[in-house]
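**Q** One structure follows; several queries about it will come next.
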Amino acid sequence: MSAPQENSDFKPVKSAARRPGRPRGGAISAEQRGHLLDIALALFAQHGIAETSLNAIARKAGVTPAMLNYYFHSREALLDTIIEERFMPLRGRIFEVFVANADDPIAAIEYMVKEIAETAQRDSWFAPLWMQEAVSENALIRQRMDERFGKREVREKVLAIMEGWKRAGKINPEINTSLLLGSLVSLVLVPLVQLRVEEDPAAREAIVRHALALLCKGISP
């Protein structure tokens with residue numbers, strides 16, 4: 002009996018190369034994702050956004066650069082995520098404070114000052130990162146926030162509320178309302194950064210009282 006002939010159409014199957022995709026180890030949890038954002042923000046606050054690479058964030062977090070690139074794609078995409086999840090909620094809360102207290106500037110300012118101080122104490126990166134943004138000519142967070150999420154509608158509504166205070170004689174007519182929000186934030190965050198009081202609630206409360214005394218009563222006895 003003759004041996005069976007080989008099928009001339011048969012071709013050996015080569016092992017398929019692993020397609021690029023999600024890094025080994027599965028999806029990251031919400032807690033791990035939040036931890037990555039916290040590390041990125043801490044490095045941004047310490048070294049500046051422009052000087053902090055995804056590789057540096059990956060090293061600090063103890064993950065591979067491939068993993069960070071898979072989930073956030075680029076530093077700009079990571080920054081958009083940070084803005085959307087960490088900065089936009091704060092801006093929303095401040096906006097709500099002004100809307101809810103549109104007839105009471107003292108209450109609005111008091112709630113805003115307390116919100117800023119509590120945020121700075123809870124998130125140690127917030128005050129130094131905001132300070133960088135305030136003095137930087139290339140304020141990346143502000144630029145990305147304006148480009149990606151817009152600011153005009155919210156800002157114009159808050160300015161309209163403050164202008165209404167001036168017309169009603171409820172605040173000093175010499176106040177420049179376009180500078181007021183930045184002045185309010187600076188009055189709280191500068192002492193917090195200088196005194197490093199993130200872990201001291203009593204010191205934070207003293208700064209809040211100081212800010213409110215200056216804002217609401219001035220330096221006259």
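As numbered in my numbering, the sequence shown has no gaps in its residue numbers, which increase by one up to the final residue, 222. All residues carry an ideal CB built from backbone N, CA and C; glycine is no exception. Predicted, not measured: the structure shown is a model, and the values here were computed from it.
Can you tell me whether DSSP reads A169 as helix, strand or coil?
**A** Correct three-state label for A169: coil.
**Q** Quick check: what's the CA-CA separation for N102 versus Q33?
**A** So the two alpha carbons sit approximately 37 Å from each other.
**Q** Whether or not the segment 44–55 and the segment 73–87 are in contact is what I'm after, with contact meaning three or more pairs of Cβ atoms, one per stretch, closer than 8 Å; do they touch?
**A** With a cut-off of 8 Å, the segment 44–55 and the segment 73–87 count as touching, because enough Cβ pairs lie within range.
**Q** For N70, which residues of its own chain have a beta-carbon under 8 Å away from its beta-carbon, when the five flanking residues on both sides are left out?
**A** Taken in chain order, the residues that qualify are L55.
**Q** Kindly give me the distance between the Cβ atoms of F96 and V159, rounded to whole angstroms, as I take these residues to be in contact under 8 Å.
**A** About 6 Å separates the two Cβ atoms, so the contact holds.
**Q** Per the contact definition of three or more C-beta pairs closer than 8 Å, is the segment 188–197 in contact with the segment 116–123?
**A** Because the criterion of three Cβ pairs below 8 Å is met, the segment 116–123 and the segment 188–197 touch.
**Q** Where F127 and I107 are concerned, what is the direct C-alpha to C-alpha distance, given to the nearest angstrom?
**A** So the alpha carbons of these two residues sit roughly 24 Å apart.
**Q** From the DSSP output, in three-state form, read off P192 for me.
**A** Correct three-state label for P192: helix.
**Q** From R168 to L91, what does the alpha carbon distance come to, in whole angstroms?
**A** Approximately 28 Å, taken between the alpha carbons.
**Q** DSSP three-state label for W126, please.
**A** Coil at W126, not helix or strand.
**Q** Output the distance between the C-alpha atoms of E86 and W166, rounded to the nearest integer angstrom.
**A** Each residue's Cα considered, the two are about 31 Å apart.
**Q** Is the beta carbon of V100 less than 7 Å from the beta carbon of M113?
**A** Not in contact: V100 and M113 (Cβ atoms no closer than 7 Å).
**Q** Are there 16 or more other CB atoms within 10 angstroms of the CB of L80, so buried, or fewer, so exposed?
**A** Classification of L80: buried, given that the 10 Å Cβ count is 16 or more.
**Q** Excluding sequence positions up to five away, which residues of its chain have a Cβ less than 8 Å from the Cβ of P202?
**A** Closer than 8 Å at Cβ, skipping near neighbours: Q122.
**Q** Around the C-beta of L255, are 16 or more other C-beta atoms found within 10 angstroms, so that it is buried, or is it exposed?
**A** Absent from the structure is residue 255, since the part of the chain shown begins at 2 and ends at 222.
**Q** Check whether the Cβ atoms of L141 and I50 sit closer than 7 Å, and answer yes or no.
**A** Cβ atoms of L141 and I50: closer than 7 Å.
**Q** Starting from G35 and walking both ways along the alpha helix (DSSP H), at which residues does that stretch end?
**A** Where G35 is concerned, the enclosing alpha helix (DSSP H) stretches over A31 to H48.
**Q** Would you identify the three-state DSSP class for D81, choosing helix, strand or coil?
**A** Of the three classes helix, strand and coil, the one that applies to D81 here is helix, per DSSP.
**Q** Compute the Euclidean distance between the alpha carbons of E157 and K171, then round it to the nearest angstrom.
**A** Taking the straight line from one Cα to the other gives about 19 Å.
**Q** Out of H36, L42 and T82, point me to the one whose CA is closest to Q133's CA.
**A** When only C-alpha atoms are compared, the closest one is L42.
**Q** Measure the C-alpha to C-alpha separation of L44 and Q195 and round it to an integer number of angstroms.
**A** Those two C-alpha atoms are separated by around 19 Å.
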